[in-house]
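There are 4 protein chains.
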Amino acid sequence: MSMTGTEREKDAAVVPLRWVGPIKITGNVVDEPIEVPLATYESPLWPSVARGAKITRRCDRGVVCTLVDERMTRSVLLEADDAGAALAAVRRLGDAMGEMRRIVADCSRYAELLDVRHQIAGNLLFVRFEFATGDASGHNMATLAADALLAYLVRVFPGLRYESVSGNFCTDKKASAVNGILGRGKNVVTELLIPRAVVANDLHTTARRVAALNVRKNLIGTSLAGGIRSANAHYANMLLAVYLATGQDAANIVEGSQGITHAEDRDGDLYFSCTLPNIIVGTVGNGKGLDFAAANLARLGCGADRATGENARRLAVVTAAAVLCGELSLLAAQTNAGELMRTHLNFERPPSDREN
Amino acid sequence: MSMTGTEREKDAAVVPLRWVGPIKITGNVVDEPIEVPLATYESPLWPSVARGAKITRRCDRGVVCTLVDERMTRSVLLEADDAGAALAAVRRLGDAMGEMRRIVADCSRYAELLDVRHQIAGNLLFVRFEFATGDASGHNMATLAADALLAYLVRVFPGLRYESVSGNFCTDKKASAVNGILGRGKNVVTELLIPRAVVANDLHTTARRVAALNVRKNLIGTSLAGGIRSANAHYANMLLAVYLATGQDAANIVEGSQGITHAEDRDGDLYFSCTLPNIIVGTVGNGKGLDFAAANLARLGCGADRATGENARRLAVVTAAAVLCGELSLLAAQTNAGELMRTHLNFERPPSDREN
Amino acid sequence: MSMTGTEREKDAAVVPLRWVGPIKITGNVVDEPIEVPLATYESPLWPSVARGAKITRRCDRGVVCTLVDERMTRSVLLEADDAGAALAAVRRLGDAMGEMRRIVADCSRYAELLDVRHQIAGNLLFVRFEFATGDASGHNMATLAADALLAYLVRVFPGLRYESVSGNFCTDKKASAVNGILGRGKNVVTELLIPRAVVANDLHTTARRVAALNVRKNLIGTSLAGGIRSANAHYANMLLAVYLATGQDAANIVEGSQGITHAEDRDGDLYFSCTLPNIIVGTVGNGKGLDFAAANLARLGCGADRATGENARRLAVVTAAAVLCGELSLLAAQTNAGELMRTHLNFERPPSDREN
Amino acid sequence: MSMTGTEREKDAAVVPLRWVGPIKITGNVVDEPIEVPLATYESPLWPSVARGAKITRRCDRGVVCTLVDERMTRSVLLEADDAGAALAAVRRLGDAMGEMRRIVADCSRYAELLDVRHQIAGNLLFVRFEFATGDASGHNMATLAADALLAYLVRVFPGLRYESVSGNFCTDKKASAVNGILGRGKNVVTELLIPRAVVANDLHTTARRVAALNVRKNLIGTSLAGGIRSANAHYANMLLAVYLATGQDAANIVEGSQGITHAEDRDGDLYFSCTLPNIIVGTVGNGKGLDFAAANLARLGCGADRATGENARRLAVVTAAAVLCGELSLLAAQTNAGELMRTHLNFERPPSDREN
């Protein structure tokens, strides 16, 4: 899927990209400093994440990234004769797990059926399949498997009919609560403990002010806005930049944007965490074969010959770490009147005029 | 902000782009067929939107696009002595409108203060400013103006203190209800009335099945998922592709993804509408000066010498029309078992192997 | 907990109550016509539900009520050293199920631990316990068991500390998505197939108009309002009336109000369903021992000597059926301009002036 | 609407009621200590609120209650020829305000049209009317006025047709975001500043622990649960008890339950606030004429001969103060392991065995 230079001229959106960092990362997946590529039209994002990355290098353990869960989902939709027929089918799903696992395994050697959840509404049955999908983000693998599972359900359970291979209880690229509650994509918690002196010298603020702002803006402000499972300033910005740089389907920033920033003043040190339950990335599949994407994945160490799934986990963790860097930097800036605007005005001069 | 070819090789994400259409558009902003550029790593999106565009050309009025509203917002956050002090300030905001309008006008000749809304929670005061921002999407213009307004509020109202230039009641790039209810970005309703024969021959389905699927999947399925002000299949995909192709800050697909598809079976004809209350686009500002973006905007007719705001409105309407095309195509496909997967497998062959 | 007549004069809210029906009920729990008691200050509710009940008696199978699930929940909140410590604990929960079941069984002979779900956010761990609770709604039983389980978790898992016996991920009497997605209370689906003639003669409308109104008002209107897992007109009214009449903790109408009405025009017949995932009722416990409540439960047949849990299931199904009756009646009325207001004005004359 | 003793025996739910307090209240509506009546089947609520009330009496200013806003709403639903017709009507609403105000004034001498908001989705138009309704909660007054306004809209605007007098964008008794964002009912902020010694001696905790628990449980926990505009522990309990005791339509606790608790550790003193944007109470109308309700309203000082609206405002403020008392008491209890359960077990003995 590579393109010649000429094709690129005509037939591409060329999104400026910079590497920032390294971010000092530890935790249950990665233990090393890593630079991250950020592709964006919003140039102030680079120095913002870079500032956060610098902070991580001054903290003892760096950003501790804990991968909590991973799965890709697809919810099929069936029309039942009535709720009773739907319930009868649901009650037999447990017994059918063995057969359904086989069906999924036949669809792809990387797909594995992890769990099944359902909802009945009137005569409608939504069955949400959860899959392991190796190093792929897994949308297509999940849809292919769901297609086969749906055909199976219609075949073996009386009173069920095909309605749709996707019933929006999945849910893909929509703002909802289900993905956070049941899981979709990689769930990564990032934590950083910043010494008081670093907070003062590098972030020009205090732990108390950051923690208070997080409560007032991210938690209370978002709640007032009618936010859903969301308490952060701008996860979407960093997610978009990493996703574009690595060939991901960046529309998944919709659910990715839903995560929770939690900060605590610990006797002047700042505990700062970003919980990202829905990071959806892969190191194989659509987009990853484009020249620049493959090169970027390789430089990230996500193209290496590892056990299945390890490259994607590494990428998820690096993505999450970049999110924390940008979130920390912005929140700290907003504790000081006028700082955000001054920074933006400064950095939106043509990038060639400035240092990274 | 243009880049040399060499820089581009190294320092960019190169997102494959195709023009599809033309989409036949009518309504209160545009009345002509227009091709749209879609930049995406997900190649099946091109034929999907192209199919929808073809349908529009077979409908009498094409996609009727109605621009309903436009504004950009920023909510500042103040700490008050108590709720009483916050309320006292709020009650004087009406009298202060003249002065606040002058402050905004001084910030930019394109910015205009349209309205002010607020929330009080305990001792916290959130003031949400709504601006007209000309042809810019307006994030920076709004932040700059909000900064000045915030300083003004702190100066003239006793008992108020700076807390943050953004209090998340804006809300930018987060999944919430406020943007749809109070307005943020351009609110565009798109409608298409498809004759029964076109539904049958080109979409291979019926109006009744599409309308039923929309209720079951987009409305009920999303509700079950805990969706918020959202009832659609995949607006985010089309928004991302147009945003990237035209130099927009694509992280705004988060709120953009929240919109409502409504379909009706009208005696066999299909009434199909997509309501997009939060399209956030501009034709000037960050990203639009990149060579490809400027070229694409020009080809769209959005770089012309028009009255202020007209280019951005045109772009919003074209974006919305593209969303309808992709949404219609996917929903119609999902009414037929297996069609979605067959289409994906077919179109994910290397693009060079196929016709558009 | 009975009161003398004199105490009642002084120390009670006396909510007018009427029995309406019978409602013809079938399904997997009840198969008989049952009258329901409705205690309310809003007298128009009685004729509204009564009209619905009359409709059920004219339908072949009556209201088919399918009990889909039942459980009561409590989510404890723990502070962990960090997300890693929280994850380590979570990964051992599976092995601990046996011991946790024993702990629960020791708390009450009616309580049984069904399942455990969790959420990690930064250094916070929320563990949501799901219990069977016999004929009790189970709030106290669940809290008592959660208290013991929390002590156990703190004791055996290093790095966890008590934060709260309730972490709002339960969630009790708050509007959220979790109760519908993971289950809380009794999940009952009610369905009624109304012949075309009955729709015309008794509801003065058509299936097509009711189905269209349900889409436009309950589904689209609620979505626009930023509703969460909710698509109905007024479930809360009927729930409140039955809850008060039977000694329930009526504050649970908050989550009870979140359910989905789905209607279909089936060649002129009207398929009408109400899905109520969070009915929280018991036949023993606080309030049920009050004279009138005990009498009402007895008349409902919910005080009989049945297998554990059967009385509460019966009550849940009757409650759900009453909800459908009121929902159907209101929606049908709203299809006709002016009917709702005329009905209200008519029925708010003193009840003694009218027939039931 | 009074009932004889005999009728009451048979035809009523008799909800035990106690007066607790007095609560020391100050602010822009009330400045005196007031006892509140709580009708509930959950007897532990009485001592819980009573403990909070005691705390208020030890605080300098007591509970400062600030009434921020008041309005009742009803959203009608119209079918338009298309979005263009809907927009054309909307653009003329401003000019029609004078005529619409007259229509409303003709419906009731207490009703006044305050504002109009709208939503367009496809061919559907939702118009949300906001009214002042004097001392009534205003549901019926609003519906009556909306009915007349709807007829007017259909009459004067071409291309609009009646769909429903209520389109769920109101929204009544449903969990949503709109009521908090646009306002519905009385918006009351309550604040209490509790000296460090009182926190220690009477609440057996510290300001730091209460503030931390509020963040972790009410803000983060609720967000994880997919809560909507809600961050509290149990507002619904207190609202239900006051509503029942004063003849309110208690189903309005659904939206009433959506409010935000905010607490701060101020050098050891505890700032504790509850923001309740949707208190829906009246002192006239359905239920208020029942003997006990009238007596309770009179004892509350809400039956006095005051300026229109003053009695209802007083009742709203007292209600909000009672909510703060119960919320404070529960949160403080949950900071101590086991305290909640011990308290419940203690207080669920028959009330006659204990002191209040």
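Going down the list, the protein sequences come from chains A, B, C and D.
With the first sequence counted from 1, adding 42 to any position gets you the working numbering.
With the second sequence counted from 1, adding 42 to any position gets you the working numbering.
With the third sequence counted from 1, adding 42 to any position gets you the working numbering.
With the fourth sequence counted from 1, adding 42 to any position gets you the working numbering.
Note that CB positions come from ideal geometry on N, CA and C, so glycine has one too.
Predicted, not measured: the structure shown is a model, and the values here were computed from it.
Item                                                                                                                       : Value
Outcome for V220(D) when other beta-carbon atoms lying within 10 angstroms are tallied against a minimum of 16             : buried
Minimum Cβ-Cβ distance from L318(A) to chain D less than 7 Å                                                               : no
Of the residues S315(D), N165(D), A190(D) and A340(D), the one placed nearest N165(B), counting alpha carbons only         : S315(D)
Closer than 7 Å to chain D by CB, A273(A)                                                                                  : yes
Best match in L266(D), I236(D), S265(D) and G269(D) for proximity to A253(D) [C-alpha to C-alpha]                          : I236(D)
Beta-carbon spacing of L282(B), I295(B) below 7 Å                                                                          : yes
Inter-stretch contact at 8 Å, needing at least 3 Cβ pairs: the stretch 109-120 of chain A / the stretch 173-190 of chain A : yes
Other residues of its chain near T385(A): CB distance less than 7 Å, five sequence neighbours each side excluded           : P86 and A375
Nearest-angstrom Cα separation, counted from G269(A) out to A55(D)                                                         : 38 Å
7 Å Cβ cutoff, A278(C) in contact with chain D                                                                             : yes
Coarse secondary structure for F211(C), derived from DSSP in three states                                                  : coil
Cα-Cα separation between A239(D) and D307(D), rounded to whole angstroms                                                   : 13 Å
Host alpha helix (DSSP H) of Y83(B) (start-end)                                                                            : From DSSP, Y83(B) is part of no alpha helix (DSSP H); its letter is neither H nor E.
Residues within the stretch 218-234 of chain B neighbouring chain C, beta-carbon criterion of under 9 Å                    : S218, A219, V220, G222 and I223
Interface residues of chain D facing A184(B) [CB-CB closer than 9 Å]                                                       : In chain order: nothing, as chain D lies at least about 19 Å away.
Straight-line gap, I321(B) to E121(D) (C-alpha atoms, nearest Å)                                                           : 24 Å
Distance between I302(D) and A273(D) (C-alpha atoms, nearest Å)                                                            : 5 Å
Cutoff 7 Å: F334(B) Cβ touching any chain A Cβ                                                                             : yes
Chain C within 7 Å of N398(D), Cβ atoms only                                                                               : Per-residue confidence for N398(D) stands at a pLDDT of 31, beneath the threshold of 50, marking its modelled position as unreliable; no derived number is given.
V132(C) - containing alpha helix (DSSP H), residue span                                                                    : A125 to C149
Beta-bridge pairing of G324(C) - partner residues as DSSP gives them                                                       : Its beta-bridge partners do not exist; DSSP assigns none.
Contacts that A55(D) makes with chain C (C-beta to C-beta distance below 7 Å)                                              : V57, L59, A81, L286, A287 and F334
Residues near P392(C) in its chain [Cβ-Cβ closer than 7 Å; skip 5 each side]                                               : Model confidence at P392(C) stands at a pLDDT of 42, short of 50, so the residue's coordinates are unreliable; what they give is reported in the following sentence. Within the same chain, P392(C) has no close Cβ partners at all.
Whether G263(B) touches G209(A) by CB criterion (7 Å)                                                                      : yes
Per-residue DSSP class, three states only, for Y194(C)                                                                     : helix
Sheet register partners of W61(C) (DSSP bridge)                                                                            : P79(C)
Under 7 Å from the C-beta of M114(B): neighbouring residues of chain A                                                     : Correct list: empty, because the minimum Cβ distance to chain A is about 15 Å.
Which residues DSSP lists as bridging T115(C), in chain order                                                              : E172(C)
Rounded distance between the beta-carbons of M383(B) and T185(A), thought under 8 Å                                        : 6 Å
Stretch pair the stretch 221-236 of chain C + the stretch 320-336 of chain C: three plus CB contacts closer than 8 Å       : yes
E233(B) versus L339(C) - alpha carbon distance                                                                             : 53 Å
Rounded straight-line distance, which links the Cα of L119(C) to that of M280(D)                                           : 23 Å
Sheet register partners of Y313(B) (DSSP bridge)                                                                           : L235(B) and E306(B)
Within-7 Å CB hit, T48(D) to chain C                                                                                       : Only weak support exists for where T48(D) lies, its pLDDT of 42 falling under 50; the value from the coordinates is given anyway. So no, T48(D) is outside the interface.
Reference L80(A); option with closest CA among R60(A), N260(A) and C149(A)                                                 : R60(A)
Where the alpha helix (DSSP H) containing Y152(C) begins and where it ends                                                 : Taken as a continuous stretch (DSSP letters only), Y152(C) belongs to no alpha helix (DSSP H), as it is neither H nor E.
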